[in-house]
Amino acid sequence: MKKNLHHIINHNENFTRLIYSLIILNVICLILESYNFLYTNYYIVFQIIEIVSIITFTIEYAIRIWVSDLDSKKRNEKYSTRIQYIFSLYGIIDVVSILPFYLPMLMPFDLRIVRILRLVRLVRILKLGRYSKSIKTISVIVKESKPELAITFFVAFILLTLSSTLIFYIENQAQPDKFANIGEAFWWSVATLTTVGYGDVYPITGLGKFLSAIIALTGIGFIALPTGIISSAFIEKVKNDKEENWCKCPNCGANVNF
Numbered sequence: 000m001k002k003n004l005h006h007i008i009n010h011n012e013n014f015t016r017l018i019y020s021l022i023i024l025n026v027i028c029l030i031l032e033s034y035n036f037l038y039t040n041y042y043i044v045f046q047i048i049e050i051v052s053i054i055t056f057t058i059e060y061a062i063r064i065w066v067s068d069l070d071s072k073k074r075n076e077k078y079s080t081r082i083q084y085i086f087s088l089y090g091i092i093d094v095v096s097i098l099p100f101y102l103p104m105l106m107p108f109d110l111r112i113v114r115i116l117r118l119v120r121l122v123r124i125l126k127l128g129r130y131s132k133s134i135k136t137i138s139v140i141v142k143e144s145k146p147e148l149a150i151t152f153f154v155a156f157i158l159l160t161l162s163s164t165l166i167f168y169i170e171n172q173a174q175p176d177k178f179a180n181i182g183e184a185f186w187w188s189v190a191t192l193t194t195v196g197y198g199d200v201y202p203i204t205g206l207g208k209f210l211s212a213i214i215a216l217t218g219i220g221f222i223a224l225p226t227g228i229i230s231s232a233f234i235e236k237v238k239n240d241k242e243e244n245w246c247k248c249p250n251c252g253a254n255v256n257f
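Shown next as structure tokens:
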């Protein structure tokens with residue numbers, strides 16, 4: 000029975016579709032509940048969906064703890080394997096996704112805390128990482144590209160620090176309220192380097208405008224670097240996966256998909 004359950008929660012496509020659908024449905028409900036007229040008129044529907052989801056997620060979590068020892072190759076590590084799952088990333092996501100439902104039953108909370116706990120339900124969307132092949136692929140790509148991304152973000156931090164320091168000394172006297180310190184200038188630097196340009200803080204001096212233009216132009220090319228790194232790694236990963244699914248025909252030598 001344990002082996003069957005282990006196979007179902009890890010390899011059964013119907014179970015995967017069920018959990019996938021429930022997660023998407025929960026996110027949709029969380030969005031719709033923000034409309035007061037929908038929440039008031041369809042409160043019972045939202046509650047039924049929540050209860051069904053909680054029961055399903057709770058059973059899934061309990062089963063995963065129970066069968067997690069089957070993932071261990073050594074029988075004498077059964078207990079530690081369960082502990083490893085409980086404190087693993089997906090184990091924490093699983094328990095956090097159901098915790099907001101049970102906490103108000105165990106102890107009284109202020110209504111503001113209850114609303115925050117309801118917001119925590121959004122964590123359920125992270126459960127998709129376990130079932131979505133696309134998310135798993137992106138996760139692998141980010142891990143493989145970690146050194147390149149780390150260098151990019153480090154250089155970005157240096158640019159942000161330099162630009163915010165320079166703009167502070169250039170604009171402080173002209174706009175002491177908006178560029179009161181380097182920390183507040185950092186916001187302008189982020190908005191300019193990422194070419195977002197919210198417009199609530201901007202330089203008014205000639206030298207400040209010139210610096211802003213240089214940083215904005217630098218940001219156009221520089222901010223594209225992480226995107227390019229991830230995109231190229233993604234294309235390479237997809238290409239390699241496709242090649243692994245092909246083999247040579249022993250008769251004619253043509254590529255055959257298997």
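With numbering that gives the first Met the number 0, the residue at position 47 of the sequence shown is 46, and numbering never jumps.
Quick reminder that beta carbons are idealized off the backbone N, C-alpha and C, glycines included.
Practice item. Pick out whichever of 207, 159, 97 has its Cα sitting closest to the Cα of residue 190. Key: Residue mapping note: residue 190 aligns to position 191 of the sequence shown, counting from 1. The option with the nearest alpha carbon to residue 190 is 159.
Check your understanding: If you count every other CB in all the chains shown that lies within 10 Å of the CB of residue 273, and 16 or more means buried, which is it?
Key -> Residue 273 lies beyond the residue range present for the chain, which begins at 0 and ends at 257; the question has no answer from this structure.
**Study point:** Coil, strand or helix - residue 73 by DSSP
**Key:** Here the question's residue 73 lines up with position 74 in the sequence shown. Because the pLDDT of residue 73 is 48, which lies under 50, any placement of that residue in the model is unreliable, and the number read from its coordinates should be weighed accordingly. Residue 73: coil per DSSP, three-state reduction.
Check your understanding: In this structure, does DSSP put residue 203 in helix, strand or coil?
Key -> Taking the first residue of the sequence shown as 1, we reach residue 203 at position 204. Residue 203: coil per DSSP, three-state reduction.
Check your understanding: Any idea if residue 178 is buried or exposed, counting beta-carbon neighbours within 10 angstroms, 16 or more meaning buried?
Key -> Within the sequence shown, numbered from 1, the residue matching residue 178 stands at position 179. Label assigned to residue 178: buried.
Check your understanding: What is the DSSP secondary structure of residue 87, counted as helix, strand or coil?
Key -> As a working mapping, residue 87 is identified with position 88 in the sequence shown. Of the three classes helix, strand and coil, the one that applies to residue 87 here is coil, per DSSP.
Check your understanding: Run through DSSP, which three-state label would residue 144 get?
Key -> Sequence index remark: in the sequence shown, residue 144 carries index 145 (1-based). Reduced to three states, the DSSP call for residue 144 is coil.
Check your understanding: Using the rule of at least 16 other Cβ atoms within 10 Å of the residue's Cβ for burial, across every protein chain shown, is residue 73 buried or exposed?
Key -> The count along the sequence shown starts at 1 and reaches residue 73 at position 74. Confidence is the limiting factor: at residue 73 the pLDDT is only 48, short of 50, which leaves the residue's position unreliable, though a coordinate-based value still follows. Classification of residue 73: exposed, given that the 10 Å Cβ count is below 16.
Point to revise | Under 8 Å between C-beta atoms of residue 52 and residue 25 | key: By 1-based counting over the sequence shown, the position of residue 52 is 53. By 1-based counting over the sequence shown, the position of residue 25 is 26. Yes; because the gap between Cβ atoms is below 8 Å, this pair is in contact.
Exercise for review: Give the DSSP-derived three-state secondary structure of residue 155 in the structure shown.
Suggested key: Counting from one through the sequence shown, the residue named residue 155 turns up at place 156. Note: residue 155 maps to helix in three-state DSSP.
Point to revise | Any C-beta of chain D under 8 Å from that of residue 147 | key: No chain D is part of this structure, which consists of one protein chain only.
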